[in-house]
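Contents: one structure, followed by commentary.
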Amino acid sequence: MRTAIAPLELRRPKSIGDALKMLRDDQELVPIAGCTDLYVAVNFGTLVGSRFLDLWSLEPLRKISATDVTLTIGAMATFTDIIKSRHVRKHLPMLVEAARQIGGPQIQNRGTIGGNIANASPAGDSLPVLSAADAMIVLRSASAERRVKFTEFYTGYRKSVRRPDELVVAVEIPRQNGTQWFRKVGTRAAQAISKIVMAAVRDPAGPRIALGSVAATTVRVPKTEAALARGASMEAAARVLESEITPIDDVRSTADYRRTVSANLLRRFWADTSRPSP
Amino acid sequence: MKLTLNGAEVDVEAHPMKRLLDVLREELQLTGTKEACGEGECGACTVLVDGAPVCSCLIPFAQVEDARITTIEGLGEDHPLQHAFMDEVGAQCGICTPGMILSAIVLGDKPSLAQIKEGLAGNLCRCTGYEAIYRAIQKATYGRPPATRRRSLGVRRAGDK
Amino acid sequence: MTAVGTNVKRKDGIGKATGRTKYADDIVFPGMIYGRTIRTTIPCGRITSVRMDFDPAGFTVCDHRDIPAGGKNTVALLVDDQPCLVQADVRHVAEPVVLLAHADREKLLAANVVIDYARLTPVFDPMSSTQMLKEFTIEKGNLKRGFDGAEVIVEGTYRTGHQEHVYIETNGVIAVPEKGGIAVYGSIQCPFYVEKALKVLLGPGRYVRVVQTETGGGFGGKEEYPSMLACHATLLALKANRPVKIIYDRVEDMLATTKRHPSIVRHRTGLKKDGRITAMEIEVVIDGGAYVTLSPVVLSRGGIHAAGPYRCNNTRIHARAMFTNTPPNGAFRGFGAPQTQFAMEVHMERIAEVLGVDPVKLRERNALRPGDTTATGQVLKDDCSALQVLKEAVKRSTYRRKVAKYKGTNRGIGVALFYHGSGFTGSGELKLGSKAAVELTQRGVRLLVSSTEIGQGTRTMHAQIVADAMGISYEDVEVAPIDTSIVPDSGPTVASRTCMVVGKILQRACEELKAKLGGVSPGEYFAKNGPLRVEKQHVPPEWITWDEDLYRGDAYATYAWGCNVAEVEYDSDTFEVRPIRITAVCDIGKAIHPAMATGQIEGGTGQGVGFALIEQVVMKNGAMANSQLTNYTIPTTLDTPEMDIVIMENPFPEGPFGAKGLGELPIDGPAPALVNAIRSLGLDVREVPATPELILAAAGSRQAAERHSDEMTYGAPLAVAASL
């Protein structure tokens, strides 16, 4: 463990309001939740920041609820909460599938969807799901609340439009039409960082497709979606897809593999969802 | 800071950002919980917090205020899983065993093999190839060792058919 | 009621399952401080300056000048070429330069040491390295005549990469000043190796005692490396005059300590059309890293096993180990044999493909039988079981039915036949002269060996042998703690020798002790006459002859034999291979404890699965770039196939109760069996790890081959994927 703990500070707000005031008054506070990524940085000595804001015990942020039109998941909902939630199982089964493939039980018990969103890793497994679902991220500060489309949330590698005085408090997902599809390709069968991760919805109004680990952020592929919507062949659509992603070589995989497999997954999504749903 | 540790209420002083793993091993001198990677990959540091298995290397101490924590020491020395792990050779070198047992406890009664595998997917073992761990859990939860129909032992000499 | 052959309760008690058992990092000594190692960051060059950029208050600092006057700046092993602390000459990234100790771990961590270098050009590729570490040639018969008699010749090159042990407990020791010298406690496979290294470091006449703490896995990774760590902790402890604990975190352990040797093996084989081998020419190259460590012995075992469990009258094996500017490679379960037998078995599969012969029949035709000679000219006896394990594995796995069933599907099935010499190579056991002792206690017998329990069941298995050899109850047998001041040197806990060699010495010691008791029970004798101890030394079978220079003769007293059948499922979208089942049939002579023996086979098979499919060391600039468990992935429960284990017992007459070596055999088979299963799908894979990225390339070249040939046969392999 390569971080000196003594100099670190932790603020422990008793309510969301408290938390937002603390953040307003000290915008260098780093919000923390389940810590499944933060404490890896603590271990490796790569921690950025020295003052932290603990959101973990803010129970109201853990709530999952649904209306006819919207599924709302609180930022502190863990992946285990999501897997067990009858609302998520009913409305967004592809998110349940993604949650089941994040790490293993220990990580699912602590990782939160808010953390996954705010951490902004291009490999975040829940993120393509939220992207393909056209989710809205709810941001709150001490003075205001706003909603940002998920597809407009990230601006670059680990960068988002979240202001330093804002917290991600929830994600709102509209009712989905069409079959949901999810596939993660990891470095092994469990406890794996994704090499490619894809979520898609075969909406009769037009498919929605998002991928992770193939660019600096999670990406939607609108040109590919449009090609498929207007009836282009799979080969043509696959070529469009390859032009919309920018995979790299890294310690886990190669750009060539990511490019090839992304195209294969697109074909597989299309074939899998071409059968009439029960 | 107050919490319930292995059934007993305790008041422990430690830096709020100190890893729960370190608080257990140092302030509380409970060394049954092991560090083997520090990155939440191996599960050797698994403890139960409010009944759920988590990696204690990834938890800041402050976040277990008022929580119920169970470490391997909290199981005592006579738990069926403990006996089964030793009897079925589910433990070879034993370093992964405390974490393995705590992950196994939440599988409940008579888990299927698929449930066992999924439930232990966050606990690495390098000695056993996992098979004997499944046998141990099956013995402890089904009350009998699993059928050994697939194993045989025999003497074959040169010239035997 | 005998103990041998039954699943007695392990001598370890229940402590591993209750958290009571203490490993190195669980142990504290009064006044103990912590150590840290400052390492090089370049692969090749010279250190031009070292600057301590921190407040020295409370620090103990050691560098090469702190090695005692009568000692040597080396970590003694086979050849004293590896420095304990670098003076100037840098040969790999992560070489130790400076040691720091402090009571406060945060201050220790914050200390900054600045090292400047003059860089030289490093060599990373063993094939282009000009620095030879060792070479030898095994010759049998007349190679030219063998090739002249061949009707077909098949060539191929096969590769294996580094493999990291990932013992779940990392390396760690505590050095404690004692009696003017040092006592070192630690996670150690070979306490007498450590003792010897400390004596060389400190110079003659210094008090040294080494104690093994409960060890969380070794697999060879704690055979030689702990000597380095013990030397470091000792230097700090002696200078500070306080106990010093050094525990590596996972990153440092993976970056700096030994790994399995990468290999490149080239085969050229002459055959008759019906598959009989007439000539074998094999080139073995292994990457030793920057220092000698154990590479000569890894090369020996790898070279000797390179021709596989097959008979051939005309064989030449040329083996060399090369230096590169990478951290030295070292012992890892199998010790060269997994690498060379990977090559042999995948080559056999390719031969079957070229000849259009059934892969099992090809192996049957060529498998060694009693009376045949190996490549070193060793005549095998009745304890040779190649055909039996092959037949049993084929039957047990319903291989032929599966081949038919899987044809044209996305499932594949493959076979590997393999063997593993038990004990040290050649005259190694004679040179070791291992000792074991037994002594009376108030109720029974205590056994004294330096063989370590590292999970495999040493304590239990030795106690079973002693119980039955003495004719007493297993419960009345104790095992002495592994402390070099108490136990004799039984040699290292490696080379599949702990049961067969050391167990045998114990058996003979018991026979002599029992005879001295004259029919009286140990307790009675002890009460009447007091203590009695018998120590015996290993006596190799008298029929063993070995020429060290020519590599001719009896390389091992006996061999264990194995056959794996592996079944896989292939995803053509992602090029991922999922192992479904491995059937492992192993002849180990005698299963002293059947459940523990099964556990060794299952565990070795699991490690073989990782070696074959998902364990990849990514090297960048001569160092491991993925030295985190997140990025170096070993199999989880979901990556490990169902295993069906069959133990066969074809006894070795000179082993205790017929036992042969067991520990390493199981890891020789899974990689080639899995790759052969992948090959059965038409994917030309010739190296491991067979990652999806590699299989993507093979799938690409399969499509290219399909486009260029009229029929999809395996008949043009010499032209296909020659670059692999």
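Chains as they are written, first to last, in our numbering: chain G, 1 to 278; chain C, 1001 to 1161; chain L, 2001 to 2724.
Positions of the beta carbon are idealized from the N, C-alpha and C atoms, including for glycine.
_Segment contact flag, the segment 2307 to 2322 of chain L with the segment 2637 to 2653 of chain L, C-beta cutoff 8 Å, min 3 pairs_ = no
*Chain-order list of residues whose beta-carbon lies under 6 Å from that of Asp2025 of chain L (same chain, five-residue window excluded)*: Gly2172 and Ile2247
*Should Leu1124 of chain C be flagged as near chain L, meaning a C-beta pair shorter than 8 Å?*
yes
*Kindly indicate if chain G contains any beta-carbon less than 8 Å away from that of Ala1114 of chain C.*
no
_Based on DSSP bridge pairs, tell me the residues matched to Pro2689 of chain L._
None, per the DSSP bridge assignment.
_Reduced DSSP secondary structure (H/G/I, E/B, other) of Val2200 of chain L_ = helix
*asked:* For Leu2430 of chain L, count the other beta carbons within 10 Å of its own beta carbon; 16 or more makes it buried, fewer makes it exposed. Which is it?
replied: exposed
_So that I know if they touch, is there some Cβ in chain L lying closer than 8 Å to that of Ile1069 of chain C?_
no
_List, in chain order, every chain C residue whose beta-carbon is nearer than 8 Å to that of Leu29 of chain G._
Here the premise fails: no neighbours, minimum Cβ distance about 13 Å.
*For Arg1019 of chain C, go through chain G and note every residue whose CB falls closer than 9 Å to its CB, in chain order.*
Met1, Ile5, Tyr39, Val42 and Asn43
_Can you tell me whether His2538 of chain L is helix, strand or coil according to DSSP?_
coil
*Counting contacts by CB-CB distance shorter than 8 Å, is His1083 of chain C in contact with chain G?*
no
*Using DSSP bridges, identify the partner residues of Ser160 of chain G.*
G:Tyr154
*Are Phe2657 of chain L and Ile2592 of chain L close, meaning C-beta to C-beta below 8 Å?*
yes
*Quick one: measure Cβ to Cβ for Thr2373 of chain L and Gly2553 of chain L, integer angstroms, because I've assumed they're closer than 8 Å.*
Between Gly2553 of chain L and Thr2373 of chain L the Cβ distance is about 10 Å, and since that is not below 8 Å, they are no contact.
*For Met1001 of chain C, which three-state DSSP category applies?*
coil
*What does Gln191 of chain G touch in chain L if you count any residue whose Cβ is under 9 Å from its own?*
Leu2629, Thr2630, Thr2633, Thr2636 and Leu2638
*If I'm right that Leu2085 of chain L touches Val2097 of chain L with Cβ under 8 Å, what's the distance once you round it to whole angstroms?*
6 Å
*Based on Cα-Cα distance, which residue from G:Ala215, G:Arg208, G:Met234 and G:Arg230 lies nearest to Pro222 of chain G?*
G:Arg208
*Please compile the residues from chain C whose C-beta is within a distance smaller than 7 Å of the C-beta of Asp2249 of chain L.*
Gly1038
_Buried versus exposed call for Pro2531 of chain L [16 or more other C-beta atoms within 10 Å across all chains shown]_ = exposed
_8 Å Cβ cutoff, Ile2168 of chain L in contact with chain C_ = yes
_Using beta carbons (cut-off 8 Å, strictly below), is Tyr157 of chain G in contact with chain L?_
no
*Let me know the secondary structure DSSP gives Glu2551 of chain L once reduced to three states.*
Here residue 2551 of chain L is Tyr; the residue named in the question, Glu, does not match the sequence. It is coil, neither helix nor strand.
*asked:* For Pro1098 of chain C, would you say it is in contact with chain L, using Cβ-to-Cβ distances shorter than 8 Å as the test?
replied: yes
*asked:* Would the segment 1088 to 1107 of chain C count as touching the segment 1037 to 1046 of chain C if we require 3 or more Cβ pairs under 8 Å?
replied: yes
*Would you tell me roughly how many angstroms separate the C-alpha atoms of Val2688 of chain L and Pro13 of chain G, rounded to the nearest one?*
52 Å
*With a CB to CB cut of under 6 Å and the five nearest residues on each side skipped, what residues in its chain are close to Arg2411 of chain L?*
Glu2569
*Less than 8 Å between the CB atoms is what I'm expecting for Val2534 of chain L and Val2438 of chain L, so what's the real figure, rounded?*
6 Å
*Would Ala81 of chain G be called buried (16 or more neighbouring beta carbons within 10 Å of its own) or exposed?*
Reading the sequence as shown, one finds Asp at residue 81 of chain G and not Ala. So Asp81 of chain G ends up on the buried side.
_Please report whether the beta-carbon of Ala2721 of chain L lies at a distance below 8 Å from any beta-carbon of chain G._
With a pLDDT of 28 at Ala2721 of chain L, under the threshold of 50, the modelled position of that residue is not reliable, and the figure given next carries that caveat. False, the Cβ-Cβ gap to chain G never drops below 8 Å.
*asked:* Below 8 Å on the Cβ atoms is my contact criterion, and I expect Leu2417 of chain L with Ala2386 of chain L to pass it. Report the Cβ-Cβ distance as a whole number of Å.
replied: 6 Å
_Asp1160 of chain C - DSSP class collapsed to helix/strand/coil_ = Residue placement at Asp1160 of chain C cannot be trusted, given a pLDDT of 43 that sits under 50; the coordinates are not used to answer.
*Interface residues of chain C around Trp56 of chain G at Cβ under 7 Å?*
Gln1063
*Give the DSSP-derived three-state secondary structure of Gln191 of chain G in the structure shown.*
coil
*Which residues in chain C sit within 8 Å of Lys2107 of chain L, going by Cβ to Cβ distance?*
Result: empty, since nearest Cβ-Cβ is about 16 Å, beyond 8 Å.
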